[in-house]
Each structure stands twice: as C-alpha cells, then as structure tokens.
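In the UniProt record's numbering, the protein residues as written are 1 to 288.
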Amino acid sequence: MRVCIALTAANMSVRLNETTTIVDRMVNFFVEHEDLRTKQWFLSNAPGPLFMILGAYLYFCLYAGPRYMRDRKPFELKNTLLVYNAVQVLLSWVLFYEGYKGGWGGHYNFKCQPVTYESDPISMRMARAVWLYYIAKITELLDTVFFVLRKKQRQISFLHLYHHTLMPVCAFIGVKYFAGGHGTLLGFINSFIHIIMYAYYLLSAMGPKVQKYLWWKKYITILQIVQFLIIFVHTLQIQFQPNCNFPKSIAALLTFNAGLFTYMFSAFYVANYKKEAAAQAKLAAKKE
1 MRVCIALTAA NMSVRLNETT TIVDRMVNFF VEHEDLRTKQ WFLSNAPGPL
51 FMILGAYLYF CLYAGPRYMR DRKPFELKNT LLVYNAVQVL LSWVLFYEGY
101 KGGWGGHYNF KCQPVTYESD PISMRMARAV WLYYIAKITE LLDTVFFVLR
151 KKQRQISFLH LYHHTLMPVC AFIGVKYFAG GHGTLLGFIN SFIHIIMYAY
201 YLLSAMGPKV QKYLWWKKYI TILQIVQFLI IFVHTLQIQF QPNCNFPKSI
251 AALLTFNAGL FTYMFSAFYV ANYKKEAAAQ AKLAAKKE
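#1: Determine whether the beta carbon atoms of residue 153 and residue 246 lie at a separation below 8 Å.
#2: Pick helix, strand or coil for residue 240, following the three-state DSSP scheme.
#3: Would you call the region 32–49 in contact with the region 165–184, where contact means no fewer than 3 C-beta pairs closer than 8 Å?
#4: Identify every run of the alpha helix (DSSP H) within the region 198–263, keeping only runs that are complete inside it and at least 4 residues long; order them along the chain.
#5: Taking the C-alpha atoms as reference points, what is the distance between residue 239 and residue 52?
#6: Hey, could you find the ends of the alpha helix (DSSP H) residue 137 is sitting in?
#7: Does the distance from the CB of residue 231 to the CB of residue 254 come in under 8 Å?
#8: Mapping DSSP to helix, strand and coil, what is residue 67?
#9: Is DSSP giving residue 294 helix, strand or coil here?
#10: Mind checking whether residue 134 and residue 96 have CB atoms under 8 Å apart?
#11: Would you give the residue range spanned by the alpha helix (DSSP H) that residue 104 belongs to?
#12: Is the separation between the beta-carbon of residue 237 and that of residue 101 shorter than 8 Å?
#13: So, helix, strand or coil for residue 167, using DSSP?
#14: For residue 190, does the count of other Cβ atoms within 10 angstroms reach 16, so buried, or fall short, so exposed?
#15: Over the uninterrupted alpha helix (DSSP H) stretch that includes residue 49, give me the two end residues.
#16: Rounded to whole angstroms, what's the CA-CA distance from residue 87 to residue 205? Just pull it up for me.
#17: Please report the straight-line C-alpha distance between residue 263 and residue 187, rounded to a whole angstrom.
#18: Using C-beta distances below 7 Å, list every residue in its chain close to residue 117, excluding the 5 sequence neighbours before and after it, in chain order.
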C-alpha cells in the first residue's frame with residue numbers, strides 16, 4: 001500500500017514538474033519574443049490593464065448599463081456623437097496615412113513582409129502606427145457604450161461585441177510582439193474603411209435632414225467583407241512560402257480570424273439587407 005502511495009506521489013510530482021516546465025517555456029517564449037521598442041509604451045507592457053478595460057466594458061454593456069437605463073429615457077448625445085465620430089474619422093485618416101508612409105505605400109512587400117525590430121525612422125514609424133491603432137481600438141469601445149446610453153440594445157449583437165472585444169486583443173499582440181510586417185495590412189485597410197464608416201456615423205448624427213441621403217450603409221458592410229477576404233488570402237499565402245520570415249503561427253491565426261469575420265459579416269449582410277430587400281419586393285408585388 002505504501003509503495004503504491006509513494007509511486008502515485010512520484011507520478012504526480014513528475015506531472016507537476018512537466019506542467020511547470022511547459023508553463024515556464026510558454027512564459028519564456030513570450031518574454032523572449034517581445035518587441036523591446038514598444039515595451040514601455042502606454043498600455044503595452046502587459047495585458048492586465050487591457051483585460052481590465054475589456055472586463056469593465058463587457059460588464060457595463062451587458063449588465064450594469066442596461067440595468068441603469070431600464071427606467072430612464074435614452075440619452076440623445078447628439079453633440080457628443082458629432083465630436084466622437086469626427087475624432088474617429090481624423091484618427092482613422094492618420095492611421096491610414098502612417099500605414100502608407102510606414103510601409104504599404106511601397107516600402108513593404110505584399111507577398112512576404114517580415115517584422116523588423118530595428119529602430120530606424122521607417123520601422124519606428126510603422127511601430128508607432130501599430131501602437132496608435134491599438135489605442136484606437138480601445139477608444140472604439142465607446143461605440144457600444146453609446147448604444148447602451150441611447151437604449152439601442154438591438155444593435156449590440158454577438159458580432160458587434162465579439163469584434164469590438166477581439167480587435168484590441170489582436171492589436172495588443174501586434175504592439176507587444178509584431179509592431180510591423182505582414183500583419184499590419186489589416187490595420188492599413190481597416191483604417192481606410194473606418195474613415196468611410198465613421199464619416200457615415202458623423203453624417204447620421206446630424207439628424208433626419210441628412211439621414212435621408214445615407215442610402216449607402218450596406219456598402220460599408222460589403223467593404224468590410226472584402227477587407228477580410230483580402231486579409232484571408234494575404235495571410236494564407238504565408239503558409240506556402242517556406243522562406244518567408246514571418247511567423248506562420250501568427251499568420252494562421254490571422255487567416256482563421258479573417259475567415260471567421262468574413263462568415264459573420266456575410267451572415268449579417270444577408271440577415272439585414274438581402275432579407276429586407278426580399279421582404280420589400282414581396283410587399284411591392286402585393287400592392288400591384
């Protein structure tokens with residue numbers, strides 16, 4: 001009996017040591033591969049502060065906010081939305097411009113662009129653009145907060161929450177480990193689309209007199225789908241280039257994420273525009 005207990009204890013000790021070794025290896029991997037250029041930048045040293053922000057965001061948007069607004073009238077927030085959307089348009093333009101100047105305007109290779117951890121002006125320009133993109137994704141959490149305060153709970157779909165929660169995490173990984181290179185095409189294209197998207201929101205916030213001219217909302221969704229299709233192909237090709245010095249594991253994650261977003265945004269488009277158009281056509285046929 002004592003022998004069995006001793007053997008069991010020994011086996012447990014070995015397994016604990018193996019688990020500890022695996023954890024240590026994972027920790028060492030992330031520590032060894034961090035980008036020292038961005039380590040001390042705001043909200044970039046460790047994921048803890050970001051996870052606290054995202055936790056507070058989800059708690060407010062799913063529980064605290066709706067409960068607070070339950071017996072209250074929705075806030076109008078017209079002036080707030082005008083300023084917020086104007087700032088987002090400007091920020092998206094800056095990000096697009098910096099992405100162009102920092103690499104995608106000719107310096108970067110669309111087929112394979114490794115991450116450079118140098119401190120030369122061009123590399124640092126892209127690194128700063130990646131960090132600013134990360135900060136922009138955090139500020140965009142206010143999209144959902146404003147929905148809650150305006151009692152637009154119907155617009156807070158799973159896709160909306162998933163997208164707004166995941167993007168800051170992806171951007172943090174970019175700042176922490178890959179502040180440049182192949183993966184930054186996503187932020188470059190995304191910033192261009194956000195110029196259009198937040199311009200739409202800015203015009204929409206101006207009221208009914210302007211809203212009647214905003215017939216092009218569905219085309220923003222189409223642009224988003226095209227964006228993710230481009231990123232899907234752009235990151236998938238890395239797997240077939242043995243000499244490309246961009247991490248294939250990161251490329252695979254980007255490919256998976258782009259594929260998932262393509263599916264989710266396509267489903268959203270069908271549910272909100274195709275079915276609506278079919279219903280309107282059916283109603284028009286009945287009137288005739």
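Idealized CB from N, CA, C, for every residue including glycine. Quick caveat, the model's predicted, so the values are computed rather than measured.
Looking at the atomic coordinates:
#1: no
#2: helix
#3: yes
#4: 208–211, 217–236
#5: 34 Å
#6: 121–139
#7: yes
#8: helix
#9: Residue 294 is absent from the model: the chain starts at 1 and stops at 288.
#10: no
#11: That residue, residue 104, is in no alpha helix (DSSP H); it is neither H nor E in DSSP.
#12: no
#13: helix
#14: buried
#15: 48–59
#16: 13 Å
#17: 19 Å
#18: 35, 37
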